[in-house]
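The number in the numbering used here is simply the position in the sequence shown, starting from 1, with 322 added. Ideal placement from N, C-alpha and C gives every residue a C-beta, glycine not left out. Note that this is a predicted model, so its numbers are computed, not measured. Structure, as structure tokens:
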Amino acid sequence: MSEFALSALAATRALRALFDPTPLQRNDHLSARFDADIWLKREDLTPVRSYKLRGAFTAMRKRREADPQADHFVCASAGNHAQGVAFACRHFGVKGTIFMPVTTPQQKIDKTKIFGGDAIKIVLTGDYFDDTLAAAQAFCTDAGAQFLAPFDDPSVIEGQASVGVEILDQMGETPPDLVILPVGGGGLAAGVTGYLRATAPQTEFRFVEPLGGASLTAAVAAGAPVALDHVNSFVDGAAVAKIGVRPFDELHWVTPDLILRAPEDRICVTMLEMLNVEGIVLEPAGALSIDVLPELAEQIRGKRVVCVTSGGNFDFERLPEVKERAQRYSGLKKYFVLRLPQRPGALRDFLGMLGPDDDIARFEYLKKSARNFGSVLIGIETKQAHDFITLLAKLDAAGFVWRDITEDETLGEFLI
């Protein structure tokens with residue numbers, strides 16, 4: 323057994339002081355849908371509802387073993403890493419200073435306070451994470467504290483490898499044929515693959531990252547970690563501009579055909595399906611591994627597949643946005659700018675074209691002073707995507723001028 327595998331086993335044993343192994347559950351719904359044996363590794367069910375506790379605890383434990391006087395730890399995070407560090411600080415009875423962007427939702431701040439209790443102090447600084455990180459690192463140097471990185475740390479990678487240890491233990495004598503892993507900074511992927519490649523070499527892997535934050539794809543193409551020019555922050559648990567150097571060192575063997583990129587709006591469809599059908603609450607990053615199953619349908623038929631659901635820290639205030647994005651991706655909701663004649667009965671004529679399942683979700687005049695025509699922003703929901711074909715044909719036949727702006731990011735930012 324490799325040295326890394328032995329370290330992963332040691333990290334797993336130490337974690338039992340905090341929580342039992344997270345469940346590995348066969349999902350009948352997904353198994354039937356894809357004619358495969360699909361299991362969910364429920365990292366959304368750790369005490370902090372994400373796997374990040376594993377790496378934070380392991381790194382803190384090893385720092386304290388090396389230096390028993392280490393009693394002050396610092397991190398920068400707006401989410402799951404902050405909560406993992408907070409929980410670990412309270413467990414070890416040490417002081418923690420957690421830097422979070424000023425824009426961090428109050429729900430995440432409150433949860434971090436709950437996990438850390440009196441052991442931690444939260445500092446809100448910076449509108450963007452890079453500013454927050456710089457402030458945390460400067461403070462750490464001045465205070466002589468220990469900085470805990472979220473993924474670019476060998477001890478963190480060892481801690482995340484405990485997910486792989488548990489998967490193999492829970493599977494029994496038959497290892498999975500395929501493990502699907504979400505990728506952000508790369509710590510989880512590096513840890514799980516590092517352990518399983520050493521102990522279950524027959525297991526294959528696929529890696530999933532958000533389309534708007536494909537840092538592993540960029541690193542594989544360049545042969546080294548590179549910073550993305552732009553990152554879509556919707557999948558906040560995996561929206562990382564640059565994969566970690568150490569994780570990528572462990573993932574150097576990954577080829578482009580093993581990486582899948584999940585569109586942010588499609589992830590919303592998956593989140594709603596898991597909530598409505600299975601009653602499982604997943605954050606966007608937590609749904610990544612399930613989201614790509616349709617793309618892998620032919621490859622996984624008849625196989626034993628593990629999807630790591632990496633987190634369930636979802637703020638239900640975001641649910642309307644998730645539903646909106648899911649409807650738009652599925653073609654069930656569209657937005658139009660419609661030129662409406664300024665004459666009596668014009669609106670009635672338009673309304674008469676709507677089908678029995680068409681519902682107006684938004685209606686707003688954009689140019690109220692126009693003499694002959696007025697531009698109207700209109701949002702329409704329906705039950706079947708093909709209903710829009712019928713509606714638009716009626717508009718064309720009646721001579722209405724319209725423009726579909728559903729996928730127009732620029733106009734959408736200002737109007738929707």
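Check: Taking Val514 and Glu531 to be in contact with their CB atoms under 8 Å, please state how far apart those CB atoms are, rounded to whole angstroms.; Outcome: Between Glu531 and Val514 the Cβ distance is about 15 Å, and since that is not below 8 Å, they are no contact.
Check: Quick check: what's the CA-CA separation for Val548 versus Gly534?; Outcome: 15 Å
Check: DSSP three-state label for Val370, please.; Outcome: coil
Check: Quick one: what does DSSP say Gly507 is sitting in, helix, strand or coil?; Outcome: coil
Check: Does the contact criterion of 3 or more C-beta pairs under 8 Å hold for the segment 613-625 versus the segment 566-577?; Outcome: no
Check: Evaluate Phe451 with the Cβ neighbour count: other Cβ atoms within 10 Å of its Cβ, from every protein chain shown; 16 or more gives buried, anything less gives exposed.; Outcome: buried
Check: By DSSP, does Ser555 sit in helix, in strand, or in coil?; Outcome: coil
Check: What runs of the beta strand (DSSP E), each 3 residues or longer, lie entirely inside the segment 644-700?; Outcome: 655-663 and 681-687
Check: Let me confirm a value: Gln777 is counted as buried when at least 16 other C-beta atoms fall within 10 Å, else exposed. Which label applies?; Outcome: Examination of residue 777 is not possible in this model, given that the chain is present from 323 through 738 alone.
Check: Buried or exposed: where does Phe638 fall if 16 or more other Cβ atoms within 10 Å of its Cβ makes it buried?; Outcome: exposed
Check: From which residue to which residue does the alpha helix (DSSP H) around Glu325 run?; Outcome: Glu325 to Leu337
Check: What are the boundary residues of the alpha helix (DSSP H) that includes Leu580?; Outcome: Here Leu580 belongs to no alpha helix (DSSP H), and DSSP marks it neither H nor E.
Check: Quick one: what does DSSP say Phe736 is sitting in, helix, strand or coil?; Outcome: helix
Check: Give the C-beta separation of Leu375 and Thr368 to the nearest angstrom, bearing in mind that I take them to be a contact with Cβ-Cβ under 8 Å.; Outcome: 5 Å
Check: Look up Thr419 in the DSSP assignment and say whether it is helix, strand or coil.; Outcome: strand
Check: Could you give the C-beta distance for Glu586 and Arg647, rounded to a whole number, given that I count them as a contact under 8 Å?; Outcome: 7 Å
Check: Measure the CB-CB distance between Ser372 and Asn402 and report whether it falls below 7 Å.; Outcome: yes
Check: Touch check for the segment 649-664 and the segment 696-704: three-plus C-beta pairs under 8 Å?; Outcome: yes
Check: Quick check on the DSSP output: what are the complete beta strand (DSSP E) runs of length 3 or more inside the segment 577-649, in order along the chain?; Outcome: 581-584 and 626-631
Check: Can you tell which of Gly545, Gly486 and Ser697 has the C-alpha that lies nearest to the C-alpha of Glu365?; Outcome: Gly486
Check: Taking Cβ to Cβ, would you say Phe409 is nearer than 7 Å to Val370?; Outcome: yes
Check: Of all the options Ser611, Lys645 and Leu346, which has the alpha carbon lying nearest to the alpha carbon of Leu490?; Outcome: Leu346
Check: Just to confirm before moving on: does the CB-CB distance between Arg665 and Ser697 stay below 7 Å?; Outcome: no
Check: If you measure between the beta carbons of Ala457 and Thr447, is that distance less than 7 Å?; Outcome: yes
Check: Can you give me the Cβ contacts of Ala707 inside the same chain, cut-off strictly under 7 Å, excluding the 5 residues immediately before and after it?; Outcome: Ser652, Gly653 and Leu654
Check: Anyone know if the C-beta pair for Phe710 and Pro663 falls short of 7 Å?; Outcome: no
Check: Measuring CA to CA, which of Gly634, Leu618 and Met323 is closest to Asp357?; Outcome: Leu618
Check: Is the beta carbon of Gly438 less than 7 Å from the beta carbon of Cys411?; Outcome: yes
Check: The alpha helix (DSSP H) that contains Ile431, what's its start and end?; Outcome: Gln428 to Gly438
Check: Pop quiz: Leu594 and Lys645 are said to be a contact at Cβ under 8 Å. What is the actual Cβ separation, rounded to whole angstroms?; Outcome: 7 Å
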